[in-house]
Each structure stands twice: as C-alpha cells, then as structure tokens.
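FYI, in this note's numbering the residues of the sequence shown are 5 to 103. The beta carbon of each residue, even a glycine, is placed where N, CA and C say it ideally should be. Only one structure is covered here, and it is reproduced in the block below.
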Amino acid sequence: MFNDITYRDFCSSTCLPQCDNVPYLTLGLNGEAGEVAEIVKKGLRSETPVNREELLEELGDVLYYLTRIADKFEFTLSDVSIANRRKLIARIKEGRLVS
Ligand SMILES: [Mg+2]
5 MFNDITYRDF CSSTCLPQCD NVPYLTLGLN GEAGEVAEIV KKGLRSETPV NREELLEELG
65 DVLYYLTRIA DKFEFTLSDV SIANRRKLIA RIKEGRLVS
C-alpha cells in the first residue's frame with residue numbers, strides 16, 4: 005500500500021541536500037505550480053486539449069514539494085487534507101461557499 009507516510013518517506017529518501025531548506029522547497033513548489041498553470045494555459049489557447057500525461061507529471065512535482073514542506077513542519081498529507089476539509093466545511097456552514 006502506497007500511503008502518504010510511505011510517499012513522504014520516499015520523497016525524503018530522494019531529497020538532495022537543498023531539499024532540507026524551506027525557502028528552496030517553497031520556490032520549487034511555486035515553480036512546479038507554474039508548470040501546471042502553463043500546461044493548462046496552453047490548453048486554453050489552442051484547439052489541442054490539455055496533455056494529461058504532462059499534467060500528471062507536473063502535478064506529481066507539485067505533490068513532491070508540498071510533501072517535503074509539510075514534512076519539514078511535521079505534517080503528513082493527511083494532516084493537510086483534513087485541515088483543508090475542515091476549513092472548507094466551515095465556509096459552507098457560514099454560507100461563504102456554495103457546494
Ligand atoms: Mg516539473
């Protein structure tokens with residue numbers, strides 16, 4: 005089973021020395037998010053649909069940096085997803101987000 009702990013440990017094992025540096029990781033996350041945006045942008049301006057394989061690869065790069073940053077602050081991906089779900093549910097209850 006490949007869960008978020010297994011993935012976190014795998015990411016950690018592949019980490020270059022600079023991957024322990026939060027500013028470096030944050031810049032990496034932003035750069036990879038930009039690569040996702042570029043793929044989606046190209047899909048908007050052309051008749052060609054979004055290249056799903058490229059998108060999958062870049063989403064994985066985003067996940068890698070996200071996982072490393074979360075780990076640096078001792079969060080798992082489950083912690084992140086649970087916190088985000090909690091925030092969104094609060095917004096729904098407050099009428100600030102229509103579901
Ligand atoms: Mg990339």
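- Remark: C-beta atoms of residue 66 and residue 36 approach each other more closely than 8 Å.
- If you look at residue 30, you'll find it in the alpha helix (DSSP H) that goes 26-49.
- Residue 28 and residue 40 have their C-alpha atoms spaced approximately 19 Å apart.
- Burial of residue 32 is indicated by the presence of at least 16 other C-beta atoms within 10 angstroms of its C-beta.
- DSSP places residue 101 outside both helix and strand once states are collapsed to three, so it counts as coil.
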